[in-house]
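Everything in the sequence shown is counted per the working numbering, starting at 1 for the first residue and increasing by one. Take a look at the structure below.
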Amino acid sequence: MSSIKAVDDNERFRIASRITWLTIILNIILSIAKIGIGIISSSTAMIADGVHTVSDVASSLGIIVGFIISNKPEDSKHQYGHEKAESIAGFVLSLMLISVGIKIGYSSIELMISGTTKVPGMLALWAALASIVVKEFQYRITMNQGRRINSSALMADAWHHRSDALSSVGTLIGIGGARLGYKILDPLAGFIVSVIVVKVGIDLFLKGYNELMDSSIEEEELTQISNVILSETKIEEINDLKARRHGSKVFIDVEVCVDPNISVLEGHDIAEDVEKVIYDNLDNVKKVLVHVNPCVENCTEIKNK
């Protein structure tokens, strides 16, 4: 079934907070250093790279807020919980990423057209190299933990770090080329990086959009859980099976068909067996709703919809 091991809500919040605060501290240091060095070394690519890192700080703070809200228990106004706050945080982050990418691209095009690019100093070259190492480290630890706790917001933040690492790679190439006499490579590198950043932002936008629109889990998982229910319970048929994502959690609605001659108590016990099978075989399930139908002659088996 799912390859992601379920983690309880308190542990998820602890892991997400620890990783996010670590990246915030590193990004504050990086952004100050890159913008300062960019100004001193006359590197537009380095300044743009520093601005990109500032956006990482803002987005990570948004992730923290999203996790604080999503960790709240159900209440009278939010009876299904607050897990979608994570999806909202990831969605907003994707918009920020697209905006940053467009801004970097626009600034780079302006510099290429105006031809006012200066040759960057050697310090900018070393700063870009250091940034690549730090940002790739942030990407790897954030993505690893995001997958571990099944957090779209944390994984989106990881891609934000990776986009910054790519931005620094472009900056390194641009600065190196400019120092070799090809001054246009500095803003050209910034433009190429901006395209990559926008592409990542669009991918995250679509993922966040689908989560907020209650997208289903993968069809393969639905098929597998259908087969397990049929093989491990006393139901006759599955009439309908639906799943929807709710942030990091999943809600399952299933209609099953049983022998019409059994007692209400037996039907209830079978429904509980179906619930248990789903909880045992599919991670991150928050709620299972089982509707029991009596099997009739024209009852058609629908394993998936």
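Each residue gets a CB set at the ideal place from its N, CA and C atoms; glycine is no exception. Bear in mind the structure is a predicted one, so any value in this text is a computation, not a measurement.
Tell me the rounded alpha-carbon separation between K287 and I37. Between the C-alpha atoms of K287 and I37 there is a straight-line separation of about 52 Å.
Judging by CA-CA distance, which residue of W159, L129, W126 is the nearest neighbour of Y139? It is W159 whose Cα lies nearest to the Cα of Y139.
With a threshold of 6 Å on Cβ separation, who are the neighbours of L289 within its own chain once the five nearest residues in sequence on each side are excluded? If you ignore the 5 residues before and after L289, its C-beta comes within less than 6 Å of the C-beta of D253, all in its own chain and listed in chain order.
Within this structure, are the beta carbons of G329 and A153 separated by less than 7 Å? Past the edges of the chain, shown from 1 to 305, lies residue 329, and the structure says nothing about it.
N293: first and last residue of the uninterrupted alpha helix (DSSP H) it sits in: Membership of N293 in any alpha helix (DSSP H) is not indicated; the residue belongs instead to the beta strand (DSSP E) covering 285-294.
Which same chain residues, not among the five before or five after F13, have their C-beta less than 7 Å away from its C-beta? Cβ within range, chain order: F67, N71.
Using C-beta distances below 6 Å, list every residue in its chain close to S41, excluding the 5 sequence neighbours before and after it, in chain order. Apart from the 5 residues on each side of it in sequence, S41 sits with its Cβ closer than 6 Å to the Cβ of P120, G121, L123, A124 in its chain, given in chain order.
Mind checking which residues open and close the alpha helix (DSSP H) that includes D164? Counting along the chain, the alpha helix (DSSP H) containing D164 begins and ends at 152-179.
Expressed to the nearest angstrom, what Euclidean distance is found between the alpha-carbon atoms of M143 and N150? Computed Cα separation, rounded: 10 Å.
My understanding is that V100 touches S55, with C-beta atoms under 8 Å, so please give their C-beta distance in whole angstroms. Indeed they touch by this definition, with Cβ atoms about 5 Å apart.
Where do the ends of the beta strand (DSSP E) carrying L282 lie? For L282, no beta strand (DSSP E) encloses it, and the DSSP letter there is neither H nor E.
Have a look at G62, A85, I64, I63 and flag the residue whose alpha-carbon is nearest the alpha-carbon of P73. Per the Cα distances, A85.
Under 7 Å, do D164 and K135 count as touching if we go by C-beta distance? Their beta carbons are under 7 Å apart, which means D164 touches K135 by this criterion.
With contact counted as at least three CB pairs below 8 Å, one residue from each stretch, are the segment 264-276 and the segment 228-239 in contact? As far as the Cβ criterion goes, the segment 264-276 touches the segment 228-239, which means the pair count is three or higher.
Nearest-angstrom Cα distance between R245 and N293? Spanning the alpha carbons of R245 and N293 requires a straight line of approximately 25 Å.
In chain order, which alpha helix (DSSP H) runs of at least 4 residues are fully inside the segment 70-135? The segment 70-135 contains these whole alpha helix (DSSP H) runs: 84-114.
Return helix, strand or coil for K234, following the three-state DSSP convention. Coil at K234, not helix or strand.
Taking the alpha-carbon positions, what's the L212 to I175 distance? Rounded to whole angstroms, L212 to I175 spans 41 Å at the Cα level.
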